[in-house]
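Remember, this note's numbering sits 30 above the position in the sequence shown when you count from 1.
Here's the structure we're looking at; comments come further down.
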Amino acid sequence: MFGVRLLIALLIVLTVIACIHTGSYTVLGSLTIEQEDTTPPTITSTLANNSYFRGGRLDVYFYITDNESGLSLVQVYFDGALYISDGLNGEQSYTVSLLGLLLGYLSEGMHNYTVIARDVAGNIARLERIFYVDRTRPTGMIIEPAPETLHTGIITIRFNYTDNLSPLTAILRVCGDEFNVTDLYSYDVDTRKYPDGELEISLYIEDRAGNSYTISRTIMIDNTPPIFQLISPSNETICTGILTLEYNIDDPHLDETWMEIDNVWRNVTGQTTIDIDTTIYEDAYYWIAFKLNDTLGNTAVLRIIIGIDNTPPQIQVLSPINNTMITMEIK
Numbered sequence: 031m032f033g034v035r036l037l038i039a040l041l042i043v044l045t046v047i048a049c050i051h052t053g054s055y056t057v058l059g060s061l062t063i064e065q066e067d068t069t070p071p072t073i074t075s076t077l078a079n080n081s082y083f084r085g086g087r088l089d090v091y092f093y094i095t096d097n098e099s100g101l102s103l104v105q106v107y108f109d110g111a112l113y114i115s116d117g118l119n120g121e122q123s124y125t126v127s128l129l130g131l132l133l134g135y136l137s138e139g140m141h142n143y144t145v146i147a148r149d150v151a152g153n154i155a156r157l158e159r160i161f162y163v164d165r166t167r168p169t170g171m172i173i174e175p176a177p178e179t180l181h182t183g184i185i186t187i188r189f190n191y192t193d194n195l196s197p198l199t200a201i202l203r204v205c206g207d208e209f210n211v212t213d214l215y216s217y218d219v220d221t222r223k224y225p226d227g228e229l230e231i232s233l234y235i236e237d238r239a240g241n242s243y244t245i246s247r248t249i250m251i252d253n254t255p256p257i258f259q260l261i262s263p264s265n266e267t268i269c270t271g272i273l274t275l276e277y278n279i280d281d282p283h284l285d286e287t288w289m290e291i292d293n294v295w296r297n298v299t300g301q302t303t304i305d306i307d308t309t310i311y312e313d314a315y316y317w318i319a320f321k322l323n324d325t326l327g328n329t330a331v332l333r334i335i336i337g338i339d340n341t342p343p344q345i346q347v348l349s350p351i352n353n354t355m356i357t358m359e360i361k
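Have a look at this one:
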């Protein structure tokens with residue numbers, strides 16, 4: 031008999047568990063078993079957290095839902111002060127409309143909305159939305175290179191930037207090209223892709239509120255080696271006596287010019303004509319080399335070959351010999 035009662039009790043317990051599992055409540059005979067509401071309300075907002083604004087008007091919506099016991103209370107706080115408090119009667123959805131907040135009247139810095147919702151069962155949900163009012167533009171500077179300085183090849187541009195509130199986006203602009211340098215404080219640029227002359231460098235920075243700042247400077251670039259034009263003599267000319275070399279050099283930043291003949295180098299900077307006494311050299315063919323460099327290290331080399339002949343022609347009289355007496359017979 032005891033075993034039968036135990037079996038019946040066990041069947042009743044299993045039936046109650048099965049009924050509770052399949053619905054919010056179940057009637058078993060004259061007994062009603064209700065499911066407990068342990069889920070807090072859900073709160074969403076049209077305002078993204080950590081938003082940034084310069085000014086204007088801000089409209090914000092908060093959407094609160096509770097699909098079980100329903101809502102009993104919604105409170106809204108602005109910067110810690112109670113702004114709205116609405117008692118409800120089990121509504122499953124509720125919208126808080128915060129329209130027309132004039133940001134120009136708010137102080138710069140952080141502000142926040144906090145929404146607290148309670149359902150009939152006593153579950154509480156909380157949502158905070160932080161935003162910033164930022165009317166101050168960021169600051170920045172280009173550290174290197176210095177304005178109007180002369181450069182060639184790859185240069186390193188160094189810069190700095192800061193803002194009182196907001197993370198920044200930084201764009202480096204070089205002669206129409208843009209490079210995203212956010213979170214960087216130096217960037218290498220190959221100046222050889224740009225024409226010689228003035229090169230404008232700009233640093234553009236913008237904070238999340240839309241405040242921006244631009245700083246620019248101009249530098250000079252020269253990636254072209256000196257241009258050497260030999261006027262005379264032409265290549266493979268045979269020379270004697272005094273040889274005059276005449277040439278032109280084109281380079282706005284020319285530093286030095288060197289000439290080499292017979293493995294001897296001499297500095298001819300500033301000259302465009304050079305006289306060479308060929309009589310100090312043996313008759314032969316010689317390389318003459320010119321090497322030019324500008325102040326940036328760009329170099330150019332030109333070589334020509336000349337022949338030197340200072341030996342007069344040799345004449346040998348075979349007949350008659352010197353001091354020979356010649357007679358003539360007259361008939």
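By construction, the Cβ of each residue, glycine as well, lies at the ideal position given by its N, Cα and C atoms.
Smallest Cα separation from residue i: which of the options?
{"i": "D193", "options": "E158, L229, S242", "result": "S242"}
{"i": "I335", "options": "T166, I185, V126, A314", "result": "A314"}
{"i": "Y234", "options": "K223, T267, E208", "result": "E208"}
{"i": "I185", "options": "R222, L275, S264", "result": "R222"}
{"i": "E66", "options": "A111, V126, G152, L157", "result": "G152"}
{"i": "F320", "options": "G337, M289, V347", "result": "M289"}
{"i": "R148", "options": "R203, S102, T357, A78", "result": "S102"}
{"i": "L157", "options": "R165, E286, A78, Y224", "result": "A78"}
{"i": "D339", "options": "N328, L229, I310, R87", "result": "I310"}
{"i": "E178", "options": "Y191, I231, T287, L273", "result": "I231"}
{"i": "R188", "options": "G134, D285, G170, I304", "result": "G170"}
{"i": "M250", "options": "C269, L229, L260, I261", "result": "L229"}
{"i": "V219", "options": "V150, T182, R247", "result": "T182"}
{"i": "L322", "options": "D281, P342, D292", "result": "D281"}
{"i": "E174", "options": "N278, T68, R247", "result": "R247"}
{"i": "N293", "options": "Y316, G271, I304", "result": "Y316"}
{"i": "R159", "options": "V145, V150, P168", "result": "V145"}
{"i": "L198", "options": "L180, G206, G240", "result": "G240"}
{"i": "N278", "options": "T299, W295, G271, I291", "result": "T299"}
{"i": "G85", "options": "E121, E98, I345, S137", "result": "S137"}
{"i": "P168", "options": "L180, S196, V150", "result": "S196"}
{"i": "L88", "options": "S123, G100, E98, L133", "result": "L133"}
{"i": "L131", "options": "V90, S123, Q122", "result": "V90"}
{"i": "T341", "options": "T329, G271, L284", "result": "G271"}
{"i": "Y135", "options": "D164, E359, N210, D305", "result": "D164"}
Bridge partners of residue i, per DSSP?
{"i": "R167", "result": "Looking at the DSSP assignment, R167 forms no beta bridge with any residue, so it has no partner."}
{"i": "T308", "result": "Partner(s): none; T308 has no beta bridge."}
{"i": "H283", "result": "Paired residue(s): none; H283 is not in a bridge."}
{"i": "S127", "result": "Y91"}
{"i": "T74", "result": "Y93"}
{"i": "I6", "result": "In this structure the chain extends from 31 to 361, so residue 6 is not present and cannot be described."}
{"i": "V204", "result": "D207, I231"}
{"i": "Y135", "result": "Answer is none; Y135 lacks a bridge partner."}
Give the straight-line distance between the Cα atoms of residue i and residue j, rounded to the nearest whole angstrom.
{"i": "D226", "j": "D252", "result": "5 Å"}
{"i": "T325", "j": "I172", "result": "24 Å"}
{"i": "V104", "j": "T125", "result": "10 Å"}
{"i": "D96", "j": "S115", "result": "17 Å"}
{"i": "A155", "j": "T244", "result": "45 Å"}
{"i": "D307", "j": "L332", "result": "21 Å"}
{"i": "Y224", "j": "V204", "result": "9 Å"}
{"i": "T166", "j": "L112", "result": "29 Å"}
{"i": "F92", "j": "R238", "result": "23 Å"}
{"i": "I318", "j": "T287", "result": "13 Å"}
{"i": "Y107", "j": "S127", "result": "13 Å"}
{"i": "P343", "j": "C269", "result": "15 Å"}
{"i": "T76", "j": "Y82", "result": "14 Å"}
{"i": "T254", "j": "A200", "result": "32 Å"}
{"i": "P256", "j": "E236", "result": "42 Å"}
{"i": "Q259", "j": "G206", "result": "35 Å"}
{"i": "G117", "j": "G100", "result": "12 Å"}
{"i": "H283", "j": "Q346", "result": "58 Å"}
{"i": "I73", "j": "L202", "result": "42 Å"}
{"i": "T69", "j": "E98", "result": "8 Å"}
{"i": "P71", "j": "S123", "result": "9 Å"}
Applying the 10 Å Cβ sphere with the 16-neighbour rule, what's the burial state of residue i?
{"i": "Y162", "result": "buried"}
{"i": "M355", "result": "exposed"}
{"i": "A176", "result": "exposed"}
{"i": "E276", "result": "exposed"}
{"i": "L348", "result": "exposed"}
{"i": "I94", "result": "buried"}
{"i": "I351", "result": "exposed"}
{"i": "Y191", "result": "buried"}
{"i": "N297", "result": "exposed"}
{"i": "N80", "result": "exposed"}
{"i": "L129", "result": "exposed"}
{"i": "I261", "result": "exposed"}
{"i": "L273", "result": "buried"}
{"i": "N119", "result": "exposed"}
{"i": "G327", "result": "exposed"}
{"i": "I291", "result": "buried"}
{"i": "W295", "result": "exposed"}
For chain D, is any of its Cβ atoms less than 7 Å away from the one on residue i?
{"i": "F83", "result": "No chain D is part of this structure, which consists of one protein chain only."}
Assess, as a yes-or-no matter, whether the segment 138-150 is touched by the segment 209-217 under the definition of 3 or more beta carbon pairs within less than 8 Å.
In this structure the segment 209-217 does not lie against the segment 138-150, because fewer than three pairs of beta carbons, one per stretch, are closer than 8 Å.
Does the segment 334-349 come within contact of the segment 253-272, defined as at least 3 CB pairs closer than 8 Å?
Yes, they touch.
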